[in-house]
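First comes the structure, then the notes that go with it.
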Amino acid sequence: MTDLTLMTFAKDPATVLPALALLSHRVRVLPLDAASLVKMPEDTVLFIDASDDLANAKTICSLLRASGLTTPIILILSEGGFTVVNAQWGVADVVVQTASPAEVEARLRLVCQRDTPQVQADQHQRITEDQVPTGRVRCGDLVVDTESYTARVHGRPIDLAYKEFELLKYLVQHPGRVFTRAQLLQEVWGYDYYGGTRTVDVHIRRLRAKLGGEYEHLIGTVRNVGYRFDPPESAKAGRGRVQPPSQGDPQTQGPAPSTASPRKGKAEEKKPNDSDQ
Numbered sequence: 001m002t003d004l005t006l007m008t009f010a011k012d013p014a015t016v017l018p019a020l021a022l023l024s025h026r027v028r029v030l031p032l033d034a035a036s037l038v039k040m041p042e043d044t045v046l047f048i049d050a051s052d053d054l055a056n057a058k059t060i061c062s063l064l065r066a067s068g069l070t071t072p073i074i075l076i077l078s079e080g081g082f083t084v085v086n087a088q089w090g091v092a093d094v095v096v097q098t099a100s101p102a103e104v105e106a107r108l109r110l111v112c113q114r115d116t117p118q119v120q121a122d123q124h125q126r127i128t129e130d131q132v133p134t135g136r137v138r139c140g141d142l143v144v145d146t147e148s149y150t151a152r153v154h155g156r157p158i159d160l161a162y163k164e165f166e167l168l169k170y171l172v173q174h175p176g177r178v179f180t181r182a183q184l185l186q187e188v189w190g191y192d193y194y195g196g197t198r199t200v201d202v203h204i205r206r207l208r209a210k211l212g213g214e215y216e217h218l219i220g221t222v223r224n225v226g227y228r229f230d231p232p233e234s235a236k237a238g239r240g241r242v243q244p245p246s247q248g249d250p251q252t253q254g255p256a257p258s259t260a261s262p263r264k265g266k267a268e269e270k271k272p273n274d275s276d277q
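Taking UniProt numbering, the leading residue of the sequence shown gets 1, the next gets one more, and so forth.
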């Protein structure tokens with residue numbers, strides 16, 4: 001059970017994110033104003049209602065970060081709110097009002113896991129170890145060069161269309177984070193794109209095909225939520241192992257034993273016996 005705090009001005013807080021009421025977490029409700037920040041417990045996940053007042057929600061996010069609090073924030077948005085939210089808001093994740101309980105639980109779990117000290121230390125270590133020249137993003141065998149718009153996996157160049165590259169780059173820059181199709185559509189295709197989220201599925205399918213069977217698992221699917229980039233640490237573990245020779249490989253087996261030699265030997269053994277008679 002996780003301690004949650006919901007900041008909202010709604011008369012009926014249960015209508016802000018109905019899925020919360022279906023989950024087994026403690027939910028504290030506070031007004032969406034600066035005075036509520038002093039009442040904020042340290043060990044909580046903060047849901048901020050930005051469905052009706054985006055400007056006020058952004059102000060609260062800024063005040064929270066300026067105060068030095070590291071409380072993870074999940075922003076509750078209407079469909080239209082996705083067009084204005086960006087990294088400057090300092091939120092850990094966003095969720096639409098109509099999200100299912102499964103999606104809310106998944107996002108909450110991922111936010112809590114990313115916020116643990118061990119995860120933060122591991123991410124810092126991975127970034128330090130994988131430092132590459134400016135303009136390149138590296139995750140294991142995959143290297144994305146944002147200056148030359150090229151990508152290589154295990155040294156092999158990948159022939160990507162422009163939007164395929166942009167989609168891969170965005171996912172690689174946020175390893176482990178889950179994005180909905182709507183989020184990817186707005187971040188990669190832009191706010192003025194009027195196509196459907198099916199576009200994302202098509203490009204994900206093409207990306208996996210071009211990565212090849214050995215690396216297609218790098219782009220993972222989170223059921224009922226969206227997609228994420230899975231860093232390929234597990235792929236490294238299996239590399240370099242020597243495969244045992246196949247039983248049918250003639251190059252790895254000795255010559256087949258001759259069946260004629262024993263018979264010949266037996267015949268030669270009988271000759272001295274015949275001559276003695």
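Where is the CB? At the ideal position from N, CA and C, for every residue including glycine.
Say whether chain C places a C-beta atom closer than 8 Å to the C-beta of residue i.
i: L23; result: In summary, chain C is missing from the structure at hand, where a single protein chain is found.
Look at the Cβ atom of residue i, then the Cβ atom of residue j, and state whether they are nearer than 8 Å.
i: E166; j: L207; result: no
i: V172; j: V200; result: no
i: A19; j: P72; result: no
i: V94; j: L108; result: no
i: L30; j: K39; result: yes
i: T197; j: R223; result: no
i: residue 279; j: A87; result: Residue 279 is absent from the structure shown; the chain starts at 1 and stops at 277.
i: L63; j: A34; result: yes
i: L37; j: G81; result: no
i: D2; j: H25; result: Looking at the sequence provided, one finds Thr at residue 2 rather than Asp. In this structure, H25 lies closer than 8 Å to T2 by Cβ.
i: Q97; j: V202; result: no
i: L23; j: E105; result: yes
i: E103; j: V225; result: yes
Helix, strand or coil for residue i, going by three-state DSSP, please let me know.
i: P133; result: For P133, the predicted model reports a pLDDT of 49, less than 50, meaning its position is unreliable; a value from the coordinates is still stated below. Of the three classes helix, strand and coil, the one that applies to P133 here is coil, per DSSP.
i: R223; result: coil
i: I158; result: coil
i: L23; result: coil
i: T59; result: helix
i: F9; result: coil
i: V188; result: helix
i: K270; result: Bear in mind that the predicted position of K270 carries a pLDDT of just 46, short of 50, making it too unreliable to give a figure here.
i: residue 287; result: Any answer about residue 287 is impossible in this case: the structure gives the chain only from 1 up to 277.
i: R181; result: helix
i: T128; result: Because T128 sits at a pLDDT of 41, beneath the cut-off of 50, its placement in the model cannot be relied upon, and the point is left open.
In chain order, what residues of the same chain have a beta carbon less than 8 Å from the beta carbon of residue i, not counting five sequence neighbours either side?
i: E187; result: Y170, F179
i: K210; result: I158, D159, L160, E164
i: I74; result: V45, L46, F47, I48, V91, A92, D93, V94, V95, R107, L108, V111
i: Q183; result: F82, V94, G226
Going by DSSP, name the residue or residues bridged to residue i.
i: V172; result: Answer by DSSP bridge pairing: none, since V172 is not bridged.
i: V200; result: In the DSSP output, where bridge partners are listed per residue, V200 has none listed.
i: R152; result: V143, P157
i: L167; result: Answer by DSSP bridge pairing: none, since L167 is not bridged.
i: L4; result: V27, V45
i: R138; result: V143
i: R228; result: G220
Tell me which same chain residues have a C-beta within less than 6 Å of the C-beta of residue i, skipping the five on either side of it?
i: D122; result: Reliability of the predicted coordinates at D122 is poor, the pLDDT of 45 falling under 50, and no value is obtained from them.
i: R28; result: T5
i: A99; result: A19
i: A57; result: I48, A50
i: L142; result: V153
i: G220; result: R228, D230
Is the beta carbon of residue i within less than 7 Å of some heavy atom of the ligand FMN?
i: L6; result: The ligand FMN is absent from the structure shown, which contains no ligands of any kind.
Going along the chain, which residues of its own chain have a beta-carbon closer than 7 Å to the beta-carbon of residue i, five neighbours each way excluded?
i: Y149; result: F165
i: P175; result: C139, F229, P231
i: G254; result: Caution applies to G254, whose pLDDT of 44 falls short of 50 and renders its modelled position unreliable; the value that the coordinates give is listed next. Correct list: empty, nothing qualifies.
i: I204; result: I219, Y227
Go through the segment 65-111 residue by residue and report every complete run of the beta strand (DSSP E) that reaches 3 residues or more, in order.
-> Every unbroken stretch of the beta strand (DSSP E) spanning 3 or more residues and falling wholly within the segment 65-111 is given here in chain order: 73-77, 93-96.
Which runs of the beta strand (DSSP E), 3 residues or longer, sit entirely within the segment 27-51?
-> Runs of the beta strand (DSSP E) inside the segment 27-51: 45-49.
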